[in-house]
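Colleague: I'd like to ask some things about the structure below.
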Amino acid sequence: MSTATAPTAAPAKKQGSGLFQGLQKVGRSLQLPIAVLPAAGILLRLGQDDVFGKDGLGWDKVAKVFATAGDAVFANLPLLFCVGIAIGFAKKADGSTALAALVGFLVYKNVLTAFPIADAQITKGADVAATYNDPKVLGGIVMGLIAAVTWQRFHRTKLPDWLGFFNGRRLVPILMAFIGTAVGVFFGLVWEPIGDVITNFGEWMTGLGAVGAGIFGAVNRALLPVGMHQFVNTVAWQEIGSFKDPSGAVWHGDLPRFFHGDPTAGQFMTGFFPIMMFALPAAALAITHAARPERRKAVGGMMLSLALTSFVTGITEPIEFAFMFIAPVLYVIHALLTALSMAVTWALGVHHGFSFSAGAIDYFLNWNLATKPWMIIPIGLVFAAVYYGVFRFAIIKWNLPTPGREPEEEVEDLTKA
77 MSTATAPTAA PAKKQGSGLF QGLQKVGRSL QLPIAVLPAA GILLRLGQDD
127 VFGKDGLGWD KVAKVFATAG DAVFANLPLL FCVGIAIGFA KKADGSTALA
177 ALVGFLVYKN VLTAFPIADA QITKGADVAA TYNDPKVLGG IVMGLIAAVT
227 WQRFHRTKLP DWLGFFNGRR LVPILMAFIG TAVGVFFGLV WEPIGDVITN
277 FGEWMTGLGA VGAGIFGAVN RALLPVGMHQ FVNTVAWQEI GSFKDPSGAV
327 WHGDLPRFFH GDPTAGQFMT GFFPIMMFAL PAAALAITHA ARPERRKAVG
377 GMMLSLALTS FVTGITEPIE FAFMFIAPVL YVIHALLTAL SMAVTWALGV
427 HHGFSFSAGA IDYFLNWNLA TKPWMIIPIG LVFAAVYYGV FRFAIIKWNL
477 PTPGREPEEE VEDLTKA
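If you read the sequence shown in this note's numbering, its first letter stands for residue 77, the second for the next number, and so on.
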């Protein structure tokens, strides 16, 4: 028999798999600009009256510096999302990718002003600025994706010798200037009805109150395993709702509204605190106690570090990935209980927010901006008890292979590896 084998055909790509992978990549690329938000939240918080301001240390000038610094990030979130996504989405991105995104966004942003909804007015006592269609963060995301795709397609392009100076990477920012013009014209003409749909959806979600908060919590956790939860996070935290602060600036999204003093903000953030600070650490304890005796010490050490990470910072993925795929029934329970926490906290009038995640750092740092923040502790303790009981019962009842309960041969393989 011949050792030669006929070449095998490449497996056919499943319909929609490319789109799904692309959406996952977009979701991952959103993490880069989102990582800037903690800096903005901390700076803005330090500039509040009760910290460095008149009701705190009384250092008004220092408070103004911090508040202005924090506002610089929040006011330019569309630009940050554009550049961050361009770098995160493009393969082997470099500085020219960021420059191309920046050029495209600046042109796009200025073109939008050529389509005013209402012209600027000079009135007695106040000047009214012109208003125009502005997709805000969503526009930044679109421009970032276009910049990434354009860079990947043209960053190695060779032009005729007499245009050789503009070869490759130098060509992409030029292309993005023209693309930014076209996108700006497009959004300037058609964004109004699209924006109305988003506004109406946001009003519908906020109008649902506790139910709306619960729906968001369930969808957020349901999309986490495939890395697409950042889509709904971006809409809820950066787009839904509007608030005019005392200076007259208008802020959109649950997160900026919370940090600029909107007492109605926090609908899509508050309920995560009981889960991340109390419930998931309790789930980690249940996994430890359900482990076999000879594995309990090793599992306990790992789960302790994961629980502390969740409690202090609100980073929950390490715990969730410990049971998400090997015991999906636990993850379904977790998603439903997260929805319940979101609904309960909002129904009880608890309003809280975070710049990074719902951990102890944000909980205490933003205490004075919150409404009834103390209630998160008893609510969290109740959810901790529920999580511990449900997780331990489910693991033992259905013999789920959570850490410490793997088959013996798997443990031996891991030990030898």
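C-beta: ideal position from N, C-alpha, C; glycine also.
1) If we count the other Cβ atoms within 10 Å of its Cβ and call it buried at 16 or more, is PHE401 buried or exposed?
2) Counting only beta-carbon separations shorter than 9 Å, does ALA423 have a partner in chain D?
3) Are there three or more Cβ pairs, one per stretch, closer than 8 Å when the stretch 453-473 is compared with the stretch 138-148?
4) Suppose you measure from the CA of SER318 to the CA of GLU279; what does that come to, to the nearest Å?
5) I need the straight-line Cα distance from VAL458 to GLY347, nearest angstrom please.
6) Taking the alpha-carbon positions, what's the ILE110 to ARG481 distance?
7) Could you tell me the boundaries of the beta strand (DSSP E) in which TRP267 lies?
8) Within the continuous alpha helix (DSSP H) that includes HIS365, where are the two ends?
9) Is it buried or exposed, ILE193, if we count other Cβ atoms within 10 angstroms and call 16 or more buried?
10) What is the DSSP secondary structure of HIS328, reduced to helix, strand or coil?
11) Do the stretch 407-427 and the stretch 284-294 touch if we need at least three Cβ pairs shorter than 8 Å?
12) Which residues mark the beginning and the end of the alpha helix (DSSP H) in which SER417 is found?
13) How big is the Cα-Cα spacing for ARG368 and VAL308?
14) Keeping to the same chain, check which residues put their C-beta closer than 7 Å to that of GLY303; ignore five residues upstream and five downstream.
15) Here's a check: name, in chain order, each residue in its chain whose Cβ is nearer than 7 Å to the Cβ of ALA298, leaving out the five neighbours to either side.
16) On the DSSP letters alone, give me the boundaries of the beta strand (DSSP E) that LYS320 sits inside.
17) Taking its Cβ as the centre, do 16 or more other Cβ atoms sit within 10 Å of ILE222, making it buried, or is it exposed?
18) Cβ of SER431 within 9 Å of Cβ of PHE335?
19) Could you tell me how far apart the beta carbons of MET352 and GLY429 are, in whole angstroms, since I believe they sit closer than 8 Å?
20) Expressed to the nearest angstrom, what Euclidean distance is found between the alpha-carbon atoms of ASP272 and ILE118?
21) By the DSSP assignment, the alpha helix (DSSP H) with GLU315 in it spans what residues?
22) If you compare alpha carbons, which of ALA169, LEU265, LEU182 and HIS231 is closest to ILE255?
23) Can you give me the C-alpha to C-alpha distance between ARG245 and ASP147, rounded to a whole angstrom?
24) Which value, in whole angstroms, describes the spacing of the CA atoms of ALA86 and ALA166?
25) Since SER172 and VAL248 should fall inside the 8 Å C-beta cutoff, what is the C-beta to C-beta distance between them, to a whole number of angstroms?
26) Quick check on HIS68: does DSSP put it in helix, strand or coil?
27) If you compare alpha carbons, which of THR364, ALA423, THR385 and PRO479 is closest to GLY285?
28) Residues in its own chain within less than 8 Å of GLU315 by CB, not counting five upstream and five downstream?
29) Helix, strand or coil for PRO339 per DSSP?
30) Buried or exposed: where does ASP131 fall if 16 or more other Cβ atoms within 10 Å of its Cβ makes it buried?
31) What is the DSSP secondary structure of ILE291, counted as helix, strand or coil?
Modeller: Looking at the atomic coordinates:
1) When all chains shown are included, PHE401 counts as exposed.
2) Annotation note: the requested chain D is absent from the structure, which comprises a single protein chain.
3) no
4) 10 Å
5) 13 Å
6) If you draw a straight line from the Cα of ILE110 to the Cα of ARG481, it is about 36 Å long.
7) Segment 247-283 is the alpha helix (DSSP H) holding TRP267; no beta strand (DSSP E) there.
8) Counting along the chain, the unbroken alpha helix (DSSP H) around HIS365 starts and ends at 356-366.
9) exposed
10) strand
11) yes
12) 404-423
13) 39 Å
14) GLN100, GLY103 and ARG104
15) ALA411
16) 318-320
17) buried
18) yes
19) About 13 Å separates the two Cβ atoms, so there is no contact after all.
20) 32 Å
21) Premise fails: GLU315 is in no alpha helix (DSSP H) and is neither H nor E.
22) From the listed residues ALA169, LEU265, LEU182 and HIS231, the smallest Cα separation to ILE255 is found for LEU182.
23) 33 Å
24) At ALA86, the pLDDT of 46 sits below 50, so the modelled position is not reliable; the number obtained from the coordinates is stated separately. Taking the straight line joining both Cα atoms gives about 25 Å.
25) About 6 Å separates the two Cβ atoms, so the contact holds.
26) Only positions 77 to 493 of the chain appear in the structure, and residue 68 is not among them; the question remains open.
27) ALA423
28) LYS212, VAL213, LEU214, ILE274, GLY278, HIS328 and GLY329
29) coil
30) Burial call: exposed.
31) Three-state result, ILE291: helix.
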